[in-house]
Amino acid sequence: MDDLGFDDTGVSRDEPIFTWDLDFAGDDDYRAALASLRATWREDGRTVEKVDNGITATLDDGIRVTLHLDYYDGEPELRAEGTCMRYRHNYGDAYDYMYDDNGDGTVDAYERPN
(Lines of atoms letter the chains of each structure in order from A and count residues from 1; the text may use other names and numbers.)
(Lines give C-alpha, C1' and ligand atoms only; values in the text may rest on other atoms or scores of the structure.)
Protein backbone atom coordinates (compact mmCIF):
# COMPACT_ATOMS: atom_id res chain seq x y z
CA MET A 1 0.00 0.00 0.00
CA ASP A 2 1.38 3.42 -0.88
CA ASP A 3 0.56 6.79 0.70
CA LEU A 4 -1.55 8.10 -2.17
CA GLY A 5 -2.55 6.35 -5.35
CA PHE A 6 -3.40 2.68 -5.77
CA ASP A 7 -3.51 -0.35 -3.48
CA ASP A 8 -2.66 -3.78 -4.87
CA THR A 9 -6.38 -4.57 -4.77
CA GLY A 10 -7.26 -1.94 -7.41
CA VAL A 11 -8.57 0.51 -4.81
CA SER A 12 -7.49 4.11 -5.36
CA ARG A 13 -6.99 6.84 -2.78
CA ASP A 14 -7.33 10.49 -3.54
CA GLU A 15 -8.43 13.83 -2.14
CA PRO A 16 -10.91 14.93 -4.81
CA ILE A 17 -11.37 18.58 -5.72
CA PHE A 18 -14.30 19.81 -7.79
CA THR A 19 -14.76 23.36 -9.09
CA TRP A 20 -17.62 25.17 -10.76
CA ASP A 21 -17.33 28.49 -12.59
CA LEU A 22 -20.13 30.84 -11.55
CA ASP A 23 -21.65 33.77 -13.40
CA PHE A 24 -22.94 36.85 -11.59
CA ALA A 25 -24.42 39.95 -13.20
CA GLY A 26 -21.83 42.09 -11.41
CA ASP A 27 -19.67 42.60 -8.34
CA ASP A 28 -22.67 43.57 -6.21
CA ASP A 29 -24.39 40.27 -6.97
CA TYR A 30 -21.24 38.34 -6.07
CA ARG A 31 -20.96 40.20 -2.75
CA ALA A 32 -24.65 39.54 -2.06
CA ALA A 33 -24.11 35.81 -2.71
CA LEU A 34 -21.15 35.82 -0.30
CA ALA A 35 -23.23 37.52 2.40
CA SER A 36 -26.13 35.11 1.90
CA LEU A 37 -23.91 32.02 1.99
CA ARG A 38 -22.05 33.32 5.05
CA ALA A 39 -25.36 33.87 6.87
CA THR A 40 -26.66 30.42 5.89
CA TRP A 41 -23.50 28.66 7.03
CA ARG A 42 -23.52 30.54 10.34
CA GLU A 43 -27.20 29.69 10.89
CA ASP A 44 -26.21 26.05 10.36
CA GLY A 45 -23.59 26.44 13.11
CA ARG A 46 -20.58 26.31 10.80
CA THR A 47 -17.39 28.28 11.28
CA VAL A 48 -16.97 30.60 8.32
CA GLU A 49 -13.43 31.64 7.45
CA LYS A 50 -12.41 34.53 5.23
CA VAL A 51 -10.06 33.64 2.39
CA ASP A 52 -8.64 35.82 -0.38
CA ASN A 53 -11.68 37.28 -2.16
CA GLY A 54 -14.17 34.89 -0.58
CA ILE A 55 -15.24 32.61 2.26
CA THR A 56 -14.88 28.94 3.18
CA ALA A 57 -16.41 26.45 5.62
CA THR A 58 -16.03 22.75 6.35
CA LEU A 59 -19.19 20.67 6.15
CA ASP A 60 -20.07 17.78 8.47
CA ASP A 61 -18.53 15.15 6.21
CA GLY A 62 -15.17 16.98 6.11
CA ILE A 63 -15.67 18.55 2.70
CA ARG A 64 -14.30 22.09 2.56
CA VAL A 65 -16.46 24.39 0.42
CA THR A 66 -15.13 27.73 -0.82
CA LEU A 67 -16.79 30.56 -2.71
CA HIS A 68 -14.12 32.94 -3.98
CA LEU A 69 -12.66 34.69 -6.98
CA ASP A 70 -10.34 32.31 -8.82
CA TYR A 71 -6.64 33.04 -8.34
CA TYR A 72 -5.86 32.87 -12.05
CA ASP A 73 -8.68 34.63 -13.87
CA GLY A 74 -10.45 36.50 -11.05
CA GLU A 75 -13.81 34.92 -11.95
CA PRO A 76 -16.20 33.58 -9.26
CA GLU A 77 -15.68 29.92 -8.43
CA LEU A 78 -17.29 27.39 -6.11
CA ARG A 79 -14.73 24.84 -4.92
CA ALA A 80 -15.27 21.61 -2.96
CA GLU A 81 -12.27 19.77 -1.52
CA GLY A 82 -12.77 16.30 -0.12
CA THR A 83 -10.79 14.40 2.45
CA CYS A 84 -8.80 11.29 1.60
CA MET A 85 -11.17 8.64 0.33
CA ARG A 86 -10.88 5.17 -1.17
CA TYR A 87 -12.73 4.21 -4.31
CA ARG A 88 -12.70 1.60 -7.05
CA HIS A 89 -13.03 2.48 -10.72
CA ASN A 90 -13.49 0.48 -13.90
CA TYR A 91 -10.95 2.28 -16.07
CA GLY A 92 -8.57 -0.04 -17.90
CA ASP A 93 -5.75 2.47 -18.13
CA ALA A 94 -4.67 5.09 -15.62
CA TYR A 95 -5.47 7.83 -18.14
CA ASP A 96 -8.78 6.48 -19.44
CA TYR A 97 -10.68 8.49 -16.82
CA MET A 98 -10.06 11.61 -18.92
CA TYR A 99 -12.41 10.21 -21.57
CA ASP A 100 -15.27 9.37 -19.17
CA ASP A 101 -17.44 12.32 -20.21
CA ASN A 102 -20.53 11.28 -18.29
CA GLY A 103 -18.66 10.29 -15.10
CA ASP A 104 -20.18 6.82 -14.79
CA GLY A 105 -16.85 5.11 -14.10
CA THR A 106 -16.49 3.46 -17.50
CA VAL A 107 -15.26 4.75 -20.84
CA ASP A 108 -18.07 3.96 -23.27
CA ALA A 109 -17.46 3.35 -26.99
CA TYR A 110 -18.72 6.82 -27.95
CA GLU A 111 -16.36 8.42 -25.41
CA ARG A 112 -13.19 6.87 -26.85
CA PRO A 113 -10.91 9.22 -28.78
CA ASN A 114 -10.45 8.64 -32.50
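Following the working numbering, the numbering of the sequence shown begins with 4 at its first residue and continues without gaps.
Glycine is no exception: its CB is placed at the ideal position from the N, C-alpha and C atoms.
None of these values were measured; they are calculated from a predicted model.
Residue span of the alpha helix (DSSP H) that contains residue i, given as start and end
i   : result
R45 : D30 to E46
N- and C-terminal bounds of the beta strand (DSSP E) containing residue i
i    : result
G57  : G57 to T61
F27  : Premise fails: F27 is in no beta strand (DSSP E) and is neither H nor E.
T141 : The requested residue 141 does not occur in the structure, where the chain is confined to residues 4 to 117.
E84  : P79 to E84
E52  : E52 to V54
C-beta contact flag for residue i and residue j at 7 Å
i   : j   : result
L62 : L70 : no
V54 : W44 : no
I20 : E84 : yes
A60 : R49 : yes
Distance, residue j Cα to residue i Cα
i    : j   : result
A36  : R67 : 18 Å
Y124 : G57 : The question about residue 124 has no answer here: the residues shown for the chain are numbered 4 through 117.
T86  : L40 : 22 Å
D24  : A38 : 18 Å
Y33  : D26 : 9 Å
E18  : G65 : 11 Å
A112 : L72 : 37 Å
E46  : D31 : 22 Å
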